[in-house]
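In my numbering, the protein residues as written are 8 to 441. All C-beta atoms, glycine included, are put in the ideal place defined by N, C-alpha and C. No experiment lies behind these values; they were computed from the predicted model shown.
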């Protein structure tokens with residue numbers, strides 16, 4: 008079972024979970040048998056008709072489900088996590104229960120070699136070589152995803168739920184897997200009458216070369232923390248934000264790019280990821296002094312909003328809103344306001360009615376910008392809050408006004424309003440002098 012989903016339990020949404028073994032042959036004729044972990048509503052009448060397919064991350068997680076599970080299950084979407092990568096299958100699925108999963112296998116070319124599950128902190132050339140080697144070792148992934156995606160459309164494979172749309176989503180390392188599928192397999196992997204296997208794509212957290220045209224919608228999401236450095240990211244294809252391109256509503260190139268202002272690569276709003284000690288104990292995740300706080304920006308809620316736009320673009324033809332790009336300075340770094348918060352991009356209420364400075368990457372020990380996966384925040388003191396808002400009640404009222412505006416503009420889902428407003432309502436202690 009994919010790990011580290013802490014916020015939700017399928018049983019609380021009356022969802023059921025199941026495990027399949029999928030068998031077939033890859034593009035080179037090599038046989039495979041792998042795991043598919045499925046979640047769906049128990050009551051087929053609650054099923055939305057949409058199934059989201061997510062490759063299993065090589066760290067044994069399904070990050071999009073981890074971020075978006077409350078949205079997915081309250082919306083009635085199905086979810087299928089596919090161990091399409093040999094790396095993930097061998098290291099995590101088979102390792103979790105060798106006897107149960109002994110028959111599972113994915114083959115690879117004799118010349119391919121296993122690689123580390125941590126990208127190196129090296130030059131762009133070294134990173135590019137790392138990702139190429141990883142793709143080579145896991146080259147069966149796209150064929151497996153296509154075959155599982157096609158099988159999901161058959162009513163008997165999804166418990167008689169009528170599957171109407173199948174989407175492919177991934178984040179970070181599986182954003183890379185999803186990107187590879189779009190580039191290498193979208194045109195060649197087709198159903199009867201030339202229909203694509205996947206009706207839309209949600210590649211996130213992997214800034215690479217810009218996407219070209221395709222005959223299904225694509226919503227790309229990148230966090231501030233993914234793209235804050237003007238020259239370097241972990242993808243090896245970054246090249247001064249070369250991923251950027253214009254939005255499009257053309258039938259053969261439906262595309263949106265959402266750059267999330269202030270938001271780190273990984274969300275740390277909720278336990279256990281809001282524990283400073285968790286990240287301070289890890290290498291290459293920044294430096295944390297006394298009183299450090301993990302970022303509470305609504306990373307997961309923004310991902311859910313963006314995914315919902317893709318779902319309705321595919322299912323209902325509802326065109327998503329356009330977002331500004333993050334503002335850059337002449338030196339290539341991201342521009343910020345008088346409080347140090349990033350300008351432009353997809354906004355959240357916490358940035359527009361702030362009570363903290365939000366750092367999308369935890370700083371290094373010398374205070375220089377970090378390049379990890381998580382962010383921190385520095386709370387405003389009471390005198391500054393009183394200068395900006397007067398009383399806490401006035402702050403909470405302004406917060407709600409801006410929140411309602413974001414919901415109206417379709418930048419926050421209405422189901423997440425209560426959680427956002429509760430944050431503002433319980434912040435009164437911050438107005439007290441130390």
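In angstroms with no decimal places, state the Cα-to-Cα distance between residue i and residue j.
{"i": "residue 211", "j": "residue 435", "result": "35 Å"}
{"i": "residue 281", "j": "residue 304", "result": "11 Å"}
{"i": "residue 368", "j": "residue 383", "result": "7 Å"}
{"i": "residue 359", "j": "residue 75", "result": "23 Å"}
{"i": "residue 19", "j": "residue 267", "result": "30 Å"}
{"i": "residue 201", "j": "residue 240", "result": "36 Å"}
{"i": "residue 16", "j": "residue 277", "result": "15 Å"}
{"i": "residue 352", "j": "residue 213", "result": "17 Å"}
{"i": "residue 88", "j": "residue 400", "result": "44 Å"}
{"i": "residue 422", "j": "residue 308", "result": "10 Å"}
{"i": "residue 131", "j": "residue 243", "result": "5 Å"}
{"i": "residue 331", "j": "residue 138", "result": "30 Å"}
{"i": "residue 116", "j": "residue 94", "result": "14 Å"}
{"i": "residue 90", "j": "residue 275", "result": "26 Å"}
{"i": "residue 306", "j": "residue 112", "result": "35 Å"}
{"i": "residue 341", "j": "residue 27", "result": "45 Å"}
{"i": "residue 289", "j": "residue 144", "result": "27 Å"}
{"i": "residue 236", "j": "residue 178", "result": "19 Å"}
{"i": "residue 297", "j": "residue 355", "result": "27 Å"}
{"i": "residue 204", "j": "residue 155", "result": "9 Å"}
{"i": "residue 299", "j": "residue 411", "result": "30 Å"}
{"i": "residue 67", "j": "residue 35", "result": "26 Å"}
{"i": "residue 416", "j": "residue 102", "result": "46 Å"}
{"i": "residue 408", "j": "residue 311", "result": "21 Å"}
{"i": "residue 135", "j": "residue 220", "result": "23 Å"}
Only counting the same chain, and skipping five residues up and downstream in sequence, which positions put a Cβ closer than 8 Å to that of residue i?
{"i": "residue 252", "result": "217, 218, 262 and 264"}
{"i": "residue 321", "result": "57, 172, 174, 206, 207, 223 and 224"}
{"i": "residue 405", "result": "360 and 396"}
{"i": "residue 343", "result": "349 and 350"}
{"i": "residue 393", "result": "438"}
{"i": "residue 448", "result": "Summary: the structure shown does not reach residue 448, with the chain confined to residues 8 through 441, and so no result is reported for it."}
{"i": "residue 81", "result": "20 and 422"}
In this structure, does DSSP put residue i in helix, strand or coil?
{"i": "residue 7", "result": "The chain is shown only over 8 to 441; residue 7 falls outside these bounds and no answer can be derived."}
{"i": "residue 288", "result": "coil"}
{"i": "residue 42", "result": "strand"}
{"i": "residue 356", "result": "helix"}
{"i": "residue 63", "result": "coil"}
{"i": "residue 371", "result": "coil"}
{"i": "residue 261", "result": "coil"}
{"i": "residue 390", "result": "helix"}
{"i": "residue 227", "result": "strand"}
{"i": "residue 201", "result": "helix"}
{"i": "residue 218", "result": "coil"}
{"i": "residue 270", "result": "coil"}
{"i": "residue 27", "result": "strand"}
{"i": "residue 210", "result": "strand"}
{"i": "residue 147", "result": "coil"}
{"i": "residue 319", "result": "helix"}
{"i": "residue 399", "result": "helix"}
{"i": "residue 415", "result": "helix"}
{"i": "residue 177", "result": "strand"}
{"i": "residue 156", "result": "helix"}
{"i": "residue 340", "result": "coil"}
{"i": "residue 89", "result": "strand"}
Please tell me whether residue i has its Cβ less than 8 Å away from any Cβ of chain C.
{"i": "residue 340", "result": "Note that chain C does not occur in the displayed structure, where there is just one protein chain."}
In the DSSP assignment, what residue or residues form a beta bridge with residue i?
{"i": "residue 196", "result": "In the DSSP output, where bridge partners are listed per residue, residue 196 has none listed."}
{"i": "residue 351", "result": "333"}
{"i": "residue 301", "result": "383"}
{"i": "residue 366", "result": "383"}
{"i": "residue 22", "result": "48"}
{"i": "residue 431", "result": "For residue 431, which the question treats as bridged, DSSP gives no partner whatsoever."}
{"i": "residue 112", "result": "40"}
{"i": "residue 57", "result": "172"}
What do you reckon, is the C-beta of residue i under 7 Å from a heavy atom of the ligand FAD?
{"i": "residue 28", "result": "The ligand FAD is not part of the structure shown, which contains no ligands of any sort."}
What is the C-beta distance between residue i and residue j, in whole angstroms, given that I count them as a contact (C-beta under 8 Å)?
{"i": "residue 60", "j": "residue 152", "result": "7 Å"}
{"i": "residue 63", "j": "residue 92", "result": "7 Å"}
{"i": "residue 114", "j": "residue 149", "result": "Contact doesn't hold; Cβ gap of about 14 Å is too wide."}
{"i": "residue 402", "j": "residue 431", "result": "7 Å"}
{"i": "residue 198", "j": "residue 157", "result": "6 Å"}
{"i": "residue 302", "j": "residue 271", "result": "5 Å"}
{"i": "residue 40", "j": "residue 110", "result": "6 Å"}
Report all residues from its chain with a CB closer than 6 Å to the CB of residue i; omit the five preceding and five following residues, and keep chain order.
{"i": "residue 319", "result": "325"}
{"i": "residue 54", "result": "48, 83 and 168"}
{"i": "residue 32", "result": "38"}
{"i": "residue 24", "result": "17 and 46"}
{"i": "residue 77", "result": "15"}
{"i": "residue 357", "result": "304"}
{"i": "residue 85", "result": "47 and 58"}
Give every residue of the same chain whose Cβ lies closer than 7 Å to the Cβ of residue i, excluding the five residues on either side of it in the sequence, and list them in chain order.
{"i": "residue 122", "result": "137, 140, 141 and 144"}
{"i": "residue 377", "result": "293, 368, 369, 370 and 371"}
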